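Enquirer:
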């Protein structure tokens, strides 16, 4: 199955940051509280929300506090419909092999 990606890495980065900020606000958590609960510096939280730039470990800690860590577990998982389902089936044998006497 061919996937066409219409977003750039920068757009994905900004989208993740915007959704994380929206989740933080929905949970009524301040940036300072998120920093304290996640163990990520306040500066890193602010930078992440404005630019999307953050280390992977910090992003995972933030996701844990926001209740979204499970989504990262599926990031590079096998697709639900493997390509082998769409491959042609191998031909079935119609005759048996020679018998040795």
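Numbering (the UniProt record's numbering), first residue to last: 1 to 101.
Where is the CB? At the ideal position from N, CA and C, for every residue including glycine.
Predicted, not measured: the structure shown is a model, and the values here were computed from it.
1) Between the C-alpha atoms of residue 71 and residue 29, what's the straight-line distance to the nearest angstrom?
2) Could you compute how far the alpha carbon of residue 64 sits from the alpha carbon of residue 13?
3) The alpha helix (DSSP H) spanning residue 23 covers which residue range?
4) Per DSSP, what kind of secondary structure is residue 78 in: helix, strand or coil?
5) Report the three-state DSSP secondary structure of residue 46 (helix, strand or coil).
Expert: The structure says:
1) So the two alpha carbons sit approximately 20 angstroms from each other.
2) Rounded to whole angstroms, residue 64 and residue 13 show a C-alpha spacing of 18 angstroms.
3) Segment 9-26, the alpha helix (DSSP H) holding residue 23.
4) Looking at residue 78 - three-state DSSP - the assignment turns out to be coil, as it is neither helix nor strand.
5) helix
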